[in-house]
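Chains as they are written, first to last, in the numbering used here: chain F, 1049 to 1128; chain G, 353 to 483.
Structure below.
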């Protein structure tokens, strides 16, 4: 929450998966995975989401698998 | 022998009996190769995130099995040739750590945010914060 006039506010990002104590993110868990893709279907980078390295690589793998199974989109259709 | 998870998306037009037949055929090929079917999950008819062969929906079947690795290539070829299979994916199953058994189908642990990836169920309730 940046106050007016201030360029940025420093709020430490934290890994949401570590916070929720998720050991392993699964490619079948498409509801959880949708939190880590943009509305265009891209994987949200670590610098935006604040995910830790371990979980980010799990997310990447899981999203890619879920895309094959049409649980998640490769791209959002309306932007085509 | 390794543990695999195979997910198959069938044509939504296929009736129940035909799907059972196909699943039986897969299970048979697994047991013939001296493998073992651990679990068969039926996720039911689901909306696809994008159209596959002009289909908007698909019937999902998820099979957990122990199989010799040689069988997987063979299985893959058969799915490709099978017209009623829209999509398939076989991956190595993750060894379950003792504390996190968050598999769909398992009872949700108390205390945990009960959120099994129950497919087929309406999952429109996505009020969670967007990043």
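Cβ coordinates follow ideal geometry from the N, Cα and C atoms, glycine included.
Residue i to residue j, Cα distance in whole Å?
i	j	result
residue 404/G	residue 367/G	18 Å
residue 1064/F	residue 1099/F	6 Å
residue 396/G	residue 412/G	6 Å
residue 435/G	residue 372/G	16 Å
residue 424/G	residue 1094/F	34 Å
residue 399/G	residue 409/G	4 Å
residue 1060/F	residue 437/G	47 Å
residue 1047/F	residue 1068/F	What is shown of chain F runs 1049 to 1128, which leaves residue 1047/F out entirely.
residue 407/G	residue 401/G	11 Å
residue 417/G	residue 387/G	7 Å
residue 442/G	residue 356/G	7 Å
By the three-class DSSP mapping on this structure, what secondary structure does residue i have?
i	result
residue 446/G	coil
residue 354/G	strand
residue 1120/F	coil
residue 388/G	strand
residue 452/G	Model confidence at residue 452/G stands at a pLDDT of 46, short of 50, so the residue's coordinates are unreliable; what they give is reported in the following sentence. DSSP places residue 452/G in coil when its eight states are reduced to three.
residue 1096/F	helix
residue 359/G	strand
residue 383/G	helix
Looking at the C-beta of residue i, does it have a partner C-beta in chain G at a distance below 7 Å?
i	result
residue 1091/F	no
residue 1117/F	yes
Taking only beta-carbon atoms, is residue i less than 7 Å away from chain F?
i	result
residue 497/G	There is no way to answer for residue 497/G, as the model of chain G reaches only from 353 to 483.
residue 362/G	no
residue 392/G	no
residue 366/G	no
residue 359/G	yes
At a CB-CB cut-off below 9 Å, which residues of chain G make contact with residue i?
i	result
residue 1122/F	401, 402
Residues of chain G with CB under 7 Å from residue i, in chain order?
i	result
residue 1101/F	Near residue 1101/F there are no residues of chain G at all, since even the closest Cβ is about 17 Å away, more than 7 Å.
Chain F partners of residue i, CB-CB under 9 Å?
i	result
residue 446/G	1072, 1074
So residue i contacts chain G; which residues on that side make the cut at Cβ distance below 8 Å?
i	result
residue 1113/F	441, 443
Members of the stretch 403-420 of chain G that neighbour chain F once the beta carbon cut-off is set at 9 Å: 403, 404, 410, 412, 414
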